[in-house]
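Each residue of the sequence shown is one higher than the last, beginning at 126 in the numbering used here.
Beta carbons: idealized from backbone N, C-alpha and C, even for Gly.
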Amino acid sequence: MTKPVSTQPKRNQNSPGQPVRQDGLVSFYPIRFHNLKRTIGIPTGILLILVAIIALFYGAFITWTAIQRFGRAVILRTLPIPLLIFIGGLIIGSLILLLTTRHGYDGIEIGSSGLSFKNGKNHKNIPWDSITRLDARINLIKFATSVIDVQSRAEFETVDEETFQITDQVTNSQELILRCREAILPRLFQRAQQALWQGEKITFHRDLVATPQALLIQKMPYYWQDIEPKFRKRKFALLEKTSSRELISLPINQLENADILLSLLENPPLKS
């Protein structure tokens with residue numbers, strides 16, 4: 126018999142407090158190199174504090190020895206440097222430990238209900254239904270004819286007009302962005318269709334506005350079924366199907382909700 130799946134995220138035994146994927150329900154995508162930062166940060170902080178304590182004891186010892194031989198006048202010659210090392214090491218070491226432990230589990234958690242951005246003690250929960258815009262970009266960096274790097278970024282906007290980003294600073298950002306697209310785009314497309322059915326307009330760019338009957342391209346109406354999209358490098362173009370005449374060409378990063386526009390072109394918002 127198949128056991129029921131719990132909706133609570135499991136905890137990673139190697140990293141307490143860090144939720145990991147459980148049957149696709151909840152996943153945690155930490156900041157890149159977070160394990161390395163913890164591995165380096167914690168020992169470094171402890172080492173600096175130990176050095177500070179040793180410097181203090183050493184300074185106290187040599188100062189006491191010097192006082193026994195030469196009197197209290199030597200305090201200003203023997204104590205200041207060890208004291209400065211103690212204060213500096215204690216402050217820097219404590220700060221490194223504090224930042225490492227506080228931000229050791231920074232990242233993004235994704236679940237069935239939405240996203241949660243974690244930054245230290247600050248957690249910002251974003252339900253899927255509150256997202257009104259999703260723009261995802263994947264850029265290929267080439268040298269000659271070879272792809273040497275892939276940069277990915279996604280930007281969200283909520284009903285409260287707050288914006289959030291997913292960048293390559295997050296581990297497996299491309300996988301995270303793909304899962305976000307799968308969760309968000311169907312909702313945005315359905316919302317866009319309903320808005321058009323109710324006679325509303327949707328602006329993708331100042332020169333691209335969707336209406337129920339047509340797409341306004343530079344304020345000129347074109348029936349949905351008469352135009353088709355084309356991608357040219359980092360530009361998005363719309364062509365007239367019959368003549369292949371280019372109606373408009375725009376940088377893809379200037380469009381809002383480009384995926385929704387493409388979906389509407391594939392599935393024109395005709396009233397039922």
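- Secondary structure of ARG306 (DSSP, three-state): helix.
- For the 8 Å CB-CB criterion, GLU365 and ILE352 form a contact.
- In this structure, ALA317 places its C-beta atom within 8 Å of the C-beta atom of ILE327.
- Here THR292 is exposed. Its C-beta has fewer than 16 other C-beta atoms within 10 Å.
- Distance between PRO354 and GLY218, taken at the CA atoms: about 56 Å.
- In this chain, the beta strand (DSSP E) harbouring PRO155 covers 152-155.
- Under DSSP, no beta-bridge partner is assigned to GLU325.
- For GLY232, the secondary structure class from DSSP, reduced to helix, strand or coil, is strand.
- Here LYS246 is exposed, its C-beta having fewer than 16 other C-beta atoms within 10 Å.
- With fewer than three CB-CB distances shorter than 8 Å, the region 189-208 does not count as touching the region 246-260.
- Beta bridge pairing from DSSP links GLU371 with LEU364.
- In this structure, the beta-carbon distance from ALA320 to ILE302 does not fall below 8 Å.
- Of all alpha-carbon atoms in ILE165, LEU341, LEU172, ALA362, the one lying nearest the alpha-carbon of GLY229 is that of ILE165.
- If you look at GLU353, you'll find it in the beta strand (DSSP E) that goes 352-357.
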